[in-house]
Amino acid sequence: MSSPQPVRGTHDLLPEDFARHAHVQAVAREMAARFGYAEMATPIFEFTEIFARTMGETSDVVSKEMYSFESRGGEGMTLRPEYTAGICRAFISNGLQQNVPFKAFATGPMFRYERPQKGRQRQFHQIDIECIGAAEAKADIEVIAVGSAILGALGVLKSCTLEINTLGDTESRQAYRAALVEYFSDHKNNLSEDSRDRLDRNPLRILDSKDKGDRVIVEKVPLFNDYLNAFSTDFFAEVLEGLERLGIGYHLNRRLVRGLDYYTHTAFEFVTDALGAQGAVIAGGRYDGLIETLGGKPTPGIGWAGGIERLAMLAGDAPEAIRPVAVIPVGEAAEAVAEKLAHDLRLDGQVIEMAFKGNVGKRMKRANKLNAAAAILIGEDELARGVCTLRDLDKGEQSEVPLENIAAALKALG
RNA sequence: GCGAACGUAGCUCAGUUGGUUAGAGCGCCUGACUGUGACUCAGGAGGUCGGGGGUUCGAGACCCCUCGUUCGCCCCA
């Protein structure tokens, strides 16, 4: 085809798809508000530093997936691959430390240069929750609870599982990491190529390897539990207890590790097996060192991101939109009156469809196609008597209504 | 980035071992129905078979390249 195509990994959101996305966003926005998370937005691009520093130079996202470019002024810019870094930057930029806990909801497009697949695109969209400035386990519990509630409101909670793990505080994590590197280095020759690479970049990842040979080695790996200090253990236990208190089911997954450097303590994913290889629909965790990494005062934080495309696929069709009422003039003489009537009804709050041209048959057809609930017909007969014909398109019944009563009649129709 | 499959009208797909002007259903447009939709009937528009090159007397079918999609890996939302 020689017709123009969208850039690889990007997609047009036609009205039907857009409605599904909007539904996910609206449900999330409403639920987030109930928990006290107000919507905000940050720019779609930031200085490259913001992402590189927070996510870690060796992470996949930073090392090979960023959409980076140079501004006219020669500064390195990057289209945001995630929301967390931008919101944390905004937290610092705007001096919000006096507002803690700062609880935010955000949504918008993200960009990652990846091989597209179903549920994975180069421009995709996320909903995002962040709670900054709260070190308490209660924050972890609440943040996960918002996610669970949103999945519930979307009707997809039953097809999702909450996988959860702790990465411990920095001290525990460093100790464990060192132990892992030591253990795996001894088995380096038997590790898969991918895992040998992980040994340098993110040794925790090896625990999650799907390679059979790796699995054998992983079986005798040192246990994270032995390296978690008391604080980390207690903290995680408190989080789990809290979830149980709220009736939020979870699956303890000791091999769950996240790919970004900034995570500490609680790490979690709501996963589904309904979307092929792209199982995570909401994922996040605690990032107690991130704000400091960006140059702010040490400030704890926790949050998650959810993929709108994935959630929309799970949730299916959006609720039916408000059905319009079609205003149909019959003949030239009624055109002007119909136009004015349509305008007045719209100002009165009605959803009115009025075609630009066509005879009654065509306009009725169009009204039907647009799923109109009713049609208002005005011709010379009606005009002379100051009435119009109101036709219920579902029942196929119609009656005459005085023009001055039509607004009320429509409201009565529902 | 690696491996594999696929790519024919707006959509879902047929196209026999390569053989004349490439088909169907749905949708769209027009008419029967010059003041009434969802049903029916009759017409019509719409494709350089993703793109480029090659093999052949002849390619939608075979070969190569390229773009795109899908699946798996990697990784992630």
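For the first sequence, position 186 matches number 188 in the working numbering, and the numbering has no gaps at all.
Ideal placement from N, C-alpha and C gives every residue a C-beta, glycine not left out.
Does the beta-carbon of His253 have 16 or more other beta-carbons within 10 angstroms, so that it is buried, or is it exposed? For this step, residue 253 is matched to residue 251 along the first sequence. Exposed, by the Cβ-count rule.
For the alpha helix (DSSP H) containing Arg36, name the first residue and the last one. Start at 1 with the first residue of the first sequence, and residue 36 comes out as number 34. Start and end: 17 to 36.
Where Pro224 and Thr60 are concerned, what is the direct C-alpha to C-alpha distance, given to the nearest angstrom? Counting from one through the first sequence, the residue named residue 224 turns up at place 222. Counting from one through the first sequence, the residue named residue 60 turns up at place 58. Cα to Cα, the separation comes out at about 24 Å.
On the DSSP bridge assignment, give the partners of Leu254 in chain order. Translated into positions along the first sequence, residue 254 becomes position 252. Ile166.
Return the bridge partner residues of Thr266 from the DSSP annotation. Locating residue 266 in the first sequence gives position 264, counting from the first residue. Per DSSP, Arg288.
Just the C-alpha distance for Ala317 and Arg22, rounded to the nearest angstrom, thanks. Looking up residue 317 in the first sequence gives position 315. Looking up residue 22 in the first sequence gives position 20. One C-alpha to the other measures close to 8 Å.
Ala106 and Glu144 look like a contact to me (Cβ under 8 Å); what is the Cβ gap, rounded to whole Å? Residue numbering aside, residue 106 sits at position 104 when the first sequence is read from its first letter. Residue numbering aside, residue 144 sits at position 142 when the first sequence is read from its first letter. Between Glu144 and Ala106 the Cβ distance is about 13 Å, and since that is not below 8 Å, they are no contact.
Runs of beta strand (DSSP E) wholly within the region 193 to 232 (minimum 3 residues, chain order): none
Rounded to whole angstroms, what's the CA-CA distance from Tyr185 to Met57? Just pull it up for me. One-based indexing of the first sequence puts residue 185 at position 183. One-based indexing of the first sequence puts residue 57 at position 55. Taking the straight line joining both Cα atoms gives about 26 Å.
For Gly170 and Ser234, believed in contact at Cβ under 8 Å, the rounded distance: Here residue 234 is taken as the residue at index 232 of the first sequence, counted from 1. Here residue 170 is taken as the residue at index 168 of the first sequence, counted from 1. With 8 Å as the limit, Ser234 and Gly170 qualify as a contact, their Cβ atoms being about 4 Å apart.
Looking only at its chain, what residues have a beta carbon closer than 6 Å to the beta carbon of Met3, apart from the 5 residues adjacent to it on each side? Along the first sequence, read from residue 1 onward, the residue named residue 3 stands at position 1. Because the pLDDT of Met3 is 45, which lies under 50, any placement of that residue in the model is unreliable, and the question is left without a value.
Would Val29 pass as a contact of Ala155 if the rule is Cβ separation under 7 Å? As a first step, residue 29 is located in the first sequence; it is residue number 27 there, counting from the start. As a first step, residue 155 is located in the first sequence; it is residue number 153 there, counting from the start. In this structure, Ala155 lies closer than 7 Å to Val29 by Cβ.
Mind checking which residues open and close the beta strand (DSSP E) that includes Thr109? Residue mapping note: residue 109 aligns to position 107 of the first sequence, counting from 1. Note, Thr109: beta strand (DSSP E), 104 to 113.
According to DSSP, is Val329 helix, strand or coil? Taking the first residue of the first sequence as position 1, residue 329 is located at position 327. If DSSP states are grouped into helix, strand and coil, Val329 belongs with the strands.
Quick one: Cα of Thr163 to Cα of Ala376, how far? Numbered from 1 along the first sequence, position 161 holds the residue referred to as residue 163. Numbered from 1 along the first sequence, position 374 holds the residue referred to as residue 376. Whole-angstrom Cα-Cα distance: 44 Å.
Looking at C-alpha atoms only, which residue of Leu405, Gly215, Glu399 is the closest neighbour of Arg387? By 1-based counting over the first sequence, the position of residue 387 is 385. Cα-wise, what sits closest to Arg387 is Leu405.
Enumerate in chain order the residues of its own chain whose CB-to-CB distance from Ala180 is below 8 Å, with the five nearest sequence positions on each side excluded. Translated into the one-based positions of the first sequence, residue 180 becomes position 178. Nothing listed; no residue qualifies.
Counterpart residues of Tyr69 in DSSP-defined beta bridges: The residue you call residue 69 lines up with position 67 of the first sequence. According to DSSP, Tyr69 bridges with Leu81.
Closest residue to Val218 among Phe238, Asp228, Ser197, Leu230 (Cα-Cα distance): Here residue 218 refers to the residue found at position 216 of the first sequence. The shortest C-alpha separation from Val218 is found at Ser197.
Is the CB-CB distance between Pro331 and Leu372 below 7 Å? Working through the first sequence from its first residue, we reach residue 331 at position 329. Working through the first sequence from its first residue, we reach residue 372 at position 370. No, the pair does not count as a contact, with Cβ atoms beyond the cut-off.
Taking a contact to mean a Cβ-Cβ separation below 7 Å, would you say Ala276 touches Leu258 in this structure? Within the first sequence, the letter at position 274 stands for residue 276. Within the first sequence, the letter at position 256 stands for residue 258. In this structure, Leu258 does not lie closer than 7 Å to Ala276 by Cβ.
Based on the DSSP secondary-structure assignment, which residues constitute the bridge partners of Glu402? As a working note, residue 402 is residue 400 in the first sequence. Per DSSP, Thr391.
Leaving out five residues before and five after Gly11 in sequence, what residues of the same chain have Cβ atoms less than 6 Å from its Cβ? The residue given as residue 11 occupies position 9 in the first sequence. Excluding positions up to five away in sequence, the list reads Pro118, Gln123, Arg124.
Taking DSSP's pairing of strands, which residues face Ala344 in a bridge? One-based indexing of the first sequence puts residue 344 at position 342. BP columns for Ala344 are empty, so no partner.
Simplified DSSP assignment, three categories, for Asp350: Walking along the first sequence from the start, residue 350 turns up at place 348. Three-state result, Asp350: coil.
Using a 10 Å radius around the Cβ and a threshold of 16 neighbouring Cβ atoms, would you call Phe20 buried or exposed? Residue mapping note: residue 20 aligns to position 18 of the first sequence, counting from 1. Exposed is the call here.
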